[in-house]
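Novice: Residues 149 to 567 in this note's numbering are what the sequence shown spells out, letter by letter.
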Amino acid sequence: MRPDEALDRIFRQEHGLVLASLVRFFQDLDLAEESLQDAVTTALRSWTVDGIPDHPAGWLLTVARRKGIDQLRRRKNLARVTSLLRAAEVHADVERDEEDAVPDERLRLMFTCCHPALPMEAQVALTLRTLGGLTTAEIARAFLATETTMYQRITRAKRKIATAGIRYTVPSEPAQLAERLEAVLAVIYLIFNEGYSGSSGTALVRIDLCQEAIRLAEIVAGLLPEEPEPAGLASLLCLIESRRPARLDSDGDLVLLEDQDRSLWNLQMINRGRGWLQRAQSRSQTQGPYLLQARIAAIHADATTADATDWRSIVSLYEELVDIRPTPVVALNHAVAVAMWQGADLGLLLMESLAESLNTYQPFHAARGELAARAGRFGDAVVSLQRAVELSANEVETRHLQRRLQAVIRLDRADQISR
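1. Assign D176 to buried or exposed, taking buried as 16 or more other Cβ atoms, counted over all protein chains shown, within 10 Å of its Cβ.
2. If you count every other CB in all the chains shown that lies within 10 Å of the CB of R551, and 16 or more means buried, which is it?
3. Take every Cβ of the stretch 310–329, pair it with every Cβ of the stretch 254–267, and state whether three or more of those distances are shorter than 8 Å.
4. So, for C386: in the same chain, excluding its five sequence neighbours on each side, which residues have a beta-carbon less than 7 Å away from its beta-carbon?
5. Count the other CB atoms within 10 Å of the CB of D248; is the residue buried (16 or more) or exposed (fewer)?
6. What would DSSP say about N507, mapped onto helix, strand or coil?
7. How long is the line joining the alpha carbons of L325 and T278, rounded to whole angstroms?
8. Could you pull the start and end residues of the alpha helix (DSSP H) that F291 belongs to?
9. Determine the contact status of Y466 and H482, defining contact as a CB-CB distance below 8 Å.
10. Within 10 angstroms of its Cβ, does N507 collect 16 or more other Cβ (buried), or is it exposed?
11. Enumerate in chain order the residues of its own chain whose CB-to-CB distance from L415 is below 8 Å, with the five nearest sequence positions on each side excluded.
12. On the CB-based measure, 16 or more other CB atoms within 10 Å of its CB, does D245 come out buried or exposed?
13. As a quick exercise: from L192, I158, S194 and V211, pick the residue whose alpha carbon is nearest that of L170.
14. Can you list, in chain order, the residues of its chain with a C-beta nearer than 8 Å to that of V188? Leave out the 5 residues immediately preceding and following it.
15. What does DSSP give as the partner residue(s) for L533 in the beta ladder?
16. CB A273 to CB I309, shorter than 8 Å?
17. Just to check my reading of the structure: Q441 and L480 have Cβ atoms closer than 8 Å, yes? What is that Cβ distance to the nearest angstrom?
18. Give me the Cα-Cα distance between V368 and Y438, rounded to the nearest whole angstrom.
19. What's the gap between the Cα of Q300 and the Cα of L292?
20. Whole angstroms is fine: what's the gap from P476's alpha carbon to A382's?
21. Quick one: using the 10 Å Cβ neighbour count with 16 as the cut-off for buried, is V556 buried or exposed?
22. Can we count D560 as close to the ligand NAP, meaning its CB is less than 7 Å from some heavy atom?
23. DSSP beta-bridge partners for L402?
24. In three-state DSSP terms, what is G349?
25. Please classify N542: does DSSP put it in a helix, a strand, or coil?
26. Quick one: using the 10 Å Cβ neighbour count with 16 as the cut-off for buried, is S398 buried or exposed?
27. If you draw a straight line from the alpha carbon of V403 to that of F174, how long is it in whole angstroms?
28. Assuming G346 contacts V335 (C-beta within less than 8 Å), just tell me the rounded distance between them.
29. Is the beta carbon of R460 less than 8 Å from the beta carbon of A492?
30. State the start and end residues of the unbroken alpha helix (DSSP H) segment that holds D450.
31. With DSSP collapsed to three states, give me the class of Q219.
32. Apart from the five residues on each side of it in sequence, which residues of its chain come closer than 8 Å, Cβ to Cβ, to D560?
33. Among A520, D563 and P511, whose alpha-carbon lies nearest the alpha-carbon of E538?
34. Taking C-beta to C-beta, are T284 and M268 nearer than 8 Å?
35. Quick check: the Cα distance between G164 and V486, rounded to an integer number of angstroms?
In structure tokens:
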């Protein structure tokens, strides 16, 4: 593997961990990011000549710390340099003390970035950008916002942290951890979503992001055992991940859920998800959004064939989810479930009210196109699928949508000839 390819792989896998360590060391997010970028540039030159070190993440961390301290020296901030060097001597002891609170460097930084002084969306966006390794464009698509809007939101959040003097430390009280829980779970969920269905690029799935999200969800579930939603999220992610082996065919093309070979689903991951679901349900008198979604995913896992899916129960669960999380995307999923249970025409009727709010959301147009085709409204299906193709930035999804579009165009022509 070439040094630049190795560095790219390592950077994607270890970026969050290295950056988390740097932020805790410098207590300055901008300085940590600049230092890490300088270290990556140095690595690209050094590894080409000397080869890849045995412990590349440790190498990046050491070099980045040195780069950051050099920056402070150039700024003549000698007092800060002295403080950092002293802190480095006790850094390991501090880490061991804090591990009892949050046993993971990246997770610790998630809890610190998700500070209640910041708006919820800003907390999530900032953490996704710094620790999730997602680009501003990817985060914008997750929030159905423009890239400019998301960039401004992240910038304001970083400025608020700096001006308010918010320290990158872990809350010491369980109640303080709990009040940041919603944002932390949202970050983990969105990291998994980007890994499972890449919003751009050549690969549909980024396994590293999926595995990292599941790992973090399970850590949080263990960290707050009396909270049902972390266990619900861990269950949901495991159950969705179980389908991954069947999502692509032998040619690397997308296979929709109803067409998947369910014998390829990962039974071990299904059982793992069911275990977390049982734990979440035993701790909850009410149904939170992740627990409800996990129950929906479990119904899919229980169905041996697509036709055996209990769509009536899924619709009922989506109705509960719409009540507590009335977002356009949840409403879209509910409409699709209704279509699967009671027919495409009813599903399309429910989708009409979502057309404006989801105009730039590719899955909306893809779903509407598919339902319109099933209802025999081929002209409408063509229009929706064309819009879905325009909005798709992932090559695997684009290929699938283009094939489906061509198939519907042929049906539309045949329908017009027969009239």
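All C-beta atoms, glycine included, are put in the ideal place defined by N, C-alpha and C.
Specialist: The short version:
1. buried
2. exposed
3. yes
4. I362, M417, R420, G421 and W424
5. Its pLDDT being 49, under 50, D248 is placed unreliably by the model, and the measurement read from it follows with that caveat. That one is exposed.
6. coil
7. 20 Å
8. No alpha helix (DSSP H) contains F291, which DSSP labels as neither H nor E.
9. yes
10. exposed
11. S390
12. Caution applies to D245, whose pLDDT of 45 falls short of 50 and renders its modelled position unreliable; the model cannot decide the point.
13. V211
14. L155, F159 and L208
15. Paired residue(s): none; L533 is not in a bridge.
16. no
17. With 8 Å as the limit, Q441 and L480 do not qualify as a contact, their Cβ atoms being about 14 Å apart.
18. 14 Å
19. 15 Å
20. 24 Å
21. buried
22. Annotation note on the ligand NAP: not contained in the displayed structure, which lists no ligands.
23. L396
24. strand
25. strand
26. exposed
27. 46 Å
28. Between V335 and G346 the Cβ distance is about 17 Å, and since that is not below 8 Å, they are no contact.
29. no
30. P437 to D450
31. helix
32. F526, G527, A529 and V530
33. P511
34. no
35. 40 Å
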